[in-house]
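Here the structure is laid out as structure tokens; the discussion comes afterwards.
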Amino acid sequence: MTVSSVAPGADGVGADAVEAEPVPPPGPGPATAAGRRAPRLPWPGYLGTKLVGAVVSFFVVLVIGFVLFNLMPADPVRTMTRGRPVSPEQMAQLRVQLGLNRPVWARFLSYLNDTVHGNLGYSWQYQQSVGSLVMSRLGPTLLLMGTSFLISVVLGLWLGMRSGWRAGSLFDRLTSGTALALWSVPTFWLGMILLIVFSVGIGPVSGILPAGGMSDPTLSQTGMVHYLDVARHLILPAVTLVLVAYAQYVTIMRSSIIEQLGSPYLLTARAKGLSDAAVRRKHAAPNALLPSMTMIFMQLGLLVSGAVTVETVYSWPGLGYLTYEALKIPDLPLLQGTFIVFSASVIIMNLLADLLYRVLDPRVRAT
Amino acid sequence: MIGIETGAGPGAGGTEAQAGTTLLDVRDLRVTYRQGSREVPAVRGVSFSLGRGDTLGVAGESGSGKSTMALSLLRLAGAGAEVSGEVRYDGEDLLTARWVKLRAVRWAGASVVFQGAMSALNPVRNVLDQIVEPIVLHQQAGPREAERRAARLLESVGIPARRTRAYPHEFSGGQRQRVMIAMALACDPDLVIADEPTTALDVMVQAQILGLLAELVRESRVAVIMISHDLAVLSHACDRLAVMYAGRFVETGPSRQVIEDPRHPYTRALAQAFPTIGDPASRLAPSGLAGDPPRPSQIGEGCSFAPRCAVVMDSCRGRDPELWQVDPERTAACLRVLSEEGAA
Amino acid sequence: MTALDAPAAAGAAVRPPRFESARRFARAFLRRRSGIAGLAVLAAFTVLALVAPLFIGPDQLDVTRVNGPLLASPSAHYPLGTDQAGRSVLLMLIYGSRESLRVGVIATLLTLVIGSGIGIVAGHYGGLVGRLLMHLTDWFIALPGMPLAISLAAVLGQGETSITIAIAVTSWTGTARLIRAQTLAVEARPFVERARALGAGHGQIMQRQVLPNVMPLILVSSTLTIAGAMLSEATLTFLGLGDPTSVTWGEMLNQAFFNGAFTADAWWYILPPGLAILLVVLGFTLVGRAVETVLDPRMQERP
Chain C
73 MTVSSVAPGA DGVGADAVEA EPVPPPGPGP ATAAGRRAPR LPWPGYLGTK LVGAVVSFFV
133 VLVIGFVLFN LMPADPVRTM TRGRPVSPEQ MAQLRVQLGL NRPVWARFLS YLNDTVHGNL
193 GYSWQYQQSV GSLVMSRLGP TLLLMGTSFL ISVVLGLWLG MRSGWRAGSL FDRLTSGTAL
253 ALWSVPTFWL GMILLIVFSV GIGPVSGILP AGGMSDPTLS QTGMVHYLDV ARHLILPAVT
313 LVLVAYAQYV TIMRSSIIEQ LGSPYLLTAR AKGLSDAAVR RKHAAPNALL PSMTMIFMQL
373 GLLVSGAVTV ETVYSWPGLG YLTYEALKIP DLPLLQGTFI VFSASVIIMN LLADLLYRVL
433 DPRVRAT
Chain G
3 MIGIETGAGP GAGGTEAQAG TTLLDVRDLR VTYRQGSREV PAVRGVSFSL GRGDTLGVAG
63 ESGSGKSTMA LSLLRLAGAG AEVSGEVRYD GEDLLTARWV KLRAVRWAGA SVVFQGAMSA
123 LNPVRNVLDQ IVEPIVLHQQ AGPREAERRA ARLLESVGIP ARRTRAYPHE FSGGQRQRVM
183 IAMALACDPD LVIADEPTTA LDVMVQAQIL GLLAELVRES RVAVIMISHD LAVLSHACDR
243 LAVMYAGRFV ETGPSRQVIE DPRHPYTRAL AQAFPTIGDP ASRLAPSGLA GDPPRPSQIG
303 EGCSFAPRCA VVMDSCRGRD PELWQVDPER TAACLRVLSE EGAA
Chain F
6 MTALDAPAAA GAAVRPPRFE SARRFARAFL RRRSGIAGLA VLAAFTVLAL VAPLFIGPDQ
66 LDVTRVNGPL LASPSAHYPL GTDQAGRSVL LMLIYGSRES LRVGVIATLL TLVIGSGIGI
126 VAGHYGGLVG RLLMHLTDWF IALPGMPLAI SLAAVLGQGE TSITIAIAVT SWTGTARLIR
186 AQTLAVEARP FVERARALGA GHGQIMQRQV LPNVMPLILV SSTLTIAGAM LSEATLTFLG
246 LGDPTSVTWG EMLNQAFFNG AFTADAWWYI LPPGLAILLV VLGFTLVGRA VETVLDPRMQ
306 ERP
């Protein structure tokens, strides 16, 4: 037999030999986790690509906005003056005022120039600049959406992790079933139901929470009293948004965890003597969380949609409610302003998610 | 003939021959997977025992149940697996032990070197962290001391100190396997189960890893169960060999004897198939052997190797052979062995 | 006529395995209880929507012609009470399923046409055109759908046509991505290579080879698309973008909310339309998920 061609314990264990080791040929299996991802770019290149992407996205938003609000309406002046007695001369004058008689490309350029400089036009309904209107409504929306986003992400990820870990269990079926049902509920209707139950009250039991708005005008508008009052007004809209949005995160995290379930590194963690909970928390969760991050931020659009209807139902003085007020008229410059601001914020959040992912995941982090 | 048959109960492996006290005693280990309503036997009655410092190699084709057998020793075979029999580690039956006790034995008592260390290491935690984890968990040291020990271990397997904070994907396949070995030794275990430790590596690296493993084992007197489909690899690294087929040991004995004078026709085919260590052909099915190993769900009556056996007899199909003592140190599960012995 | 014969004969040749796979699919689907439940709900609503005109006429739905009590609570004559104009909420609910389902279905069809059109073209032309279309899809995915849909519907004017268009324009992206991936997979198969070698043009390949092979996937994705479309329809209508004279579930909720059902504590007016939307959307979602699970072997054995 020729078995002893290499003696056991042969030399070549030294550090030098290690450095010289050839990387094994790429094969199916082990290496795919990292190999699947995009080729690693150095930080400046990555940042540049993502920034350019975001700028291009924003440009597309502007184009869409221009087409929607400046080209598509057959005659903005007619829409604007609907229901008011206006003479043809006045309308012609308005057209010149709005620059409607200029060529399309010139209008687009001045539109671009205006928008980039924060000049979003003039609201027909409020007789006020759209920019300042939007800015004044940004705070309440950020408060509502930020709160709901945080709660629904934490709740959704936690539930998704637990139910994915025990896929098929009673807990999993209950969680997934509830999430599915809540996803199928129209947001505004859920808001109405909560409003009836907790604000209007059922029968003789009167409600305990305010029906709408962001604060009680009879109370002081500053200090602790004000904060508590706002918090009380925040409860119902935030709960509605959370109930509708958290299901997405359950689904994302659940499937992400299930993808990790068979992973050999989890077996290693178990073999080390870690408890089941520790294996899940310390090993499965970080691995499942990273790929879901981008998805989590991608779902922000849903939260924006929810915000429009929830703010309408609860008359929450934010951008969503402003959108509703604008579309009633319809106040096109205002609608355009909210559209651009909503889109821009979602683009910015997606950009942040991409950058955060890069910082957190060692597999794509540049060394 | 009948006398010999009755004498061949579980445990006839005779592996207790080594010096030293018994560390691990496995009796009639059976692992059955449930697939829907069907039961699929993966391990069908394996018995052996291992003293401190003993090294046992388990050889077999993929699907022979060798990995399942090794993992179920620490109840790591997965939730769908039903494990029966006895696995006495230091006198305690791990199959019935409480979780707390079992978890205490895991890694601190018996650790595992997994195959394909890319996926066996957590991709998002640096390697030092992953070695520190079991040391701290089993309360063998505080975080600081554990880090020092982990760095020492990494250095002893040839990973320089400056790379201890690197992530698994930043290492080559061989280096990852070295990390895995360092990790296995983190808690000074009495037993290391090496599950195909060199499978995904190329030839040169395979030899290095095996050498490293053998060296560390010699130094620390740790007992080893090494799983591989490569008889040559095993015969270098282990004192004793067990050949597994369709969920059972079909031959056991001292490595050199098993390799040079195989008694079971399956061992013979395996030995012919792997002339040298790390031969590329080792990735393929044994060349001298036609057909595939039986699926665990399709094991019928008689000797499970009979359909592929070159020297099959009529009686093989009717009778399921058990391990018979061939000589004081060796056993084989083949009717031919039995008839030879009977004739002698 | 003769031109049609050849493909027809080819179709006949491959028919048996197709039927077999259809049967296997049906059997696997029938084993999923949630899918069956969803299908039952959908069947019930469809039947209701189809037969509604047989027993509900304009007399009972026209605000100017009804003479029931205003916002009356449920009674023997009005099982679900009445609305602010004196119409029976139950009848409106039943009749509303027609419009709601119709807008959902049409918007979905439009979505699928846009989505699979862009998906197939993007997948077929790998070069600049494909990349541009894919980037376009990615940009659209990043946009918040609701503000865009609202703006579009507002610009187009009230009514279900604008709503349908708005939904289609904002929800084709998912289909496009899915179909593009599938197109790439189909085009890699040998029979497309063969057709190309035989001189088939781009249009022919996309129409004759790719489309029939991505069709099943398009149909599967339609069940999930329709769930989203119906939710969007309800939302847009609720916000006042629908035709105020039509009877749909979203319109009912709009009128309930803005016409004082709250102060009257008229839960019978608010609860049913929302539940109906919930049931239908859930039905489509359950069916869609069941189909998805059956078709995706990776998902099998998972609840």
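Residue numbers (my numbering), protein chains in the order written: chain C, 73 to 439; chain G, 3 to 346; chain F, 6 to 308.
Even for Gly, the Cβ is constructed at its ideal location relative to N, Cα and C.
With its beta carbon less than 7 Å from one in chain G, THR340 (chain C) belongs to the interface. When secondary structure is reduced to three states using DSSP, GLY265 (chain F) falls in the coil class, being assigned neither helix nor strand.
Contact check for PRO152 (chain F) against VAL418 (chain C) fails: the beta carbons are separated by 7 Å or more. For LEU44 (chain F), not one C-beta of chain C is nearer than 7 Å to its own C-beta.
One Cα belongs to GLU157 (chain G), the other to GLU331 (chain G), and the distance between them is close to 39 Å. For GLN65 (chain F), the enclosing alpha helix (DSSP H) stretches over residues 63–66.
When Cβ-Cβ separations below 7 Å define contact, TYR91 (chain G) makes no contact with chain C.
In the displayed model, PHE173 (chain G) falls within coil according to three-state DSSP, outside both helix and strand. Rounded to the nearest angstrom, the gap between the Cα atoms of THR228 (chain F) and GLY164 (chain F) is 24 Å. Cβ contact annotation for VAL42 (chain G) (same chain, cutoff 7 Å, sequence separation greater than five): THR34, TYR35, PRO298 and SER299, in chain order.
Non-local beta-carbon contacts of CYS240 (chain G) in its own chain, meaning distances under 8 Å to residues more than five positions away in sequence, involve THR57, LEU58, GLY59, VAL226, MET228 and SER257 in chain order. In terms of Cα proximity to LEU143 (chain C), the closest of C:THR410, C:LYS400, C:LEU281 and C:LEU404 is C:LEU404. Taken in chain order, the members of the segment 145–178 of chain F whose beta-carbon sits within less than 7 Å of a beta-carbon on chain C are ALA147, LEU148, PRO149, GLY150, MET151, PRO152, LEU153, ILE155, SER156, LEU157, ALA159 and VAL160. Beta-carbon to beta-carbon, LEU340 (chain G) and ALA61 (chain G) are separated by about 22 Å, too far to satisfy the 8 Å threshold.
Taking C-beta separations shorter than 8 Å and ignoring five residues to either side along the sequence, the partners of VAL197 (chain F) in its chain run VAL191, ILE210, GLN214 and VAL215, following chain order. Cβ contact annotation for ARG223 (chain G) (same chain, cutoff 8 Å, sequence separation greater than five): ARG54 and GLY55, in chain order. Distance check between MET325 (chain C) and each of C:LEU229, C:LEU308, C:TRP115 and C:ASP244 places C:LEU229 closest, using alpha-carbon atoms only. With a beta-carbon spacing of about 38 Å, GLN332 (chain C) and ALA303 (chain C) fall beyond the 8 Å limit used to define contacts. Taking all protein chains shown into account, SER377 (chain C) has 16 or more neighbouring C-beta atoms within 10 Å of its C-beta and is therefore buried. Across the structure, PRO116 (chain C) and PHE141 (chain C) are spaced so that their CA atoms are roughly 37 Å apart. Pairing LEU283 (chain F) with ALA31 (chain F), the inter-Cα distance amounts to about 26 Å. Of all C-beta pairs linking the segment 21–31 of chain G to the segment 197–205 of chain G, fewer than three are shorter than 8 Å, placing the two stretches out of contact.
In the DSSP assignment, TYR35 (chain G) falls within the unbroken beta strand (DSSP E) covering 24–37.
Distance from the CA of VAL129 (chain G) to the CA of GLN141 (chain G), rounded to the nearest whole angstrom, comes to 19 Å. Minimum Cα-Cα distance from HIS305 (chain C) among the listed residues C:GLY345, C:ALA349 and C:TRP388 corresponds to C:TRP388. Taking CB atoms only, HIS171 (chain G) has a neighbour in chain C less than 7 Å away. Secondary structure remark: continuous alpha helix (DSSP H) runs of at least 4 residues inside the segment 222–284 of chain C, in chain order: 242–255 and 259–267. Using a CB distance below 8 Å, the part of the segment 237–261 of chain C facing chain F consists of ALA239, GLY240, ASP244, ARG245, SER248, LEU252, ALA253, TRP255, SER256, VAL257, PRO258, THR259, PHE260 and TRP261, ordered along the chain.
Look at PRO289 (chain C) here: in three-state DSSP terms it is coil, with no helix or strand label. Less than 7 Å divides the Cβ of GLY65 (chain G) from the Cβ of PRO295 (chain G).
Look at PHE263 (chain F): its C-beta is not under 7 Å from any C-beta on chain C. Looking at the DSSP output, PHE50 (chain F) sits in no beta bridge, so it has no partner there. Around the beta carbon of MET296 (chain C), fewer than 16 other beta carbons sit within 10 angstroms, so the residue counts as exposed.
Taking C-beta atoms as the reference points, TYR337 (chain C) and ALA122 (chain G) count as a pair closer than 7 Å. In this structure, DSSP gives MET228 (chain G) an extended state, which the three-state scheme calls strand.
Annotation for GLY47 (chain G): the continuous beta strand (DSSP E) segment containing it runs 40–53.
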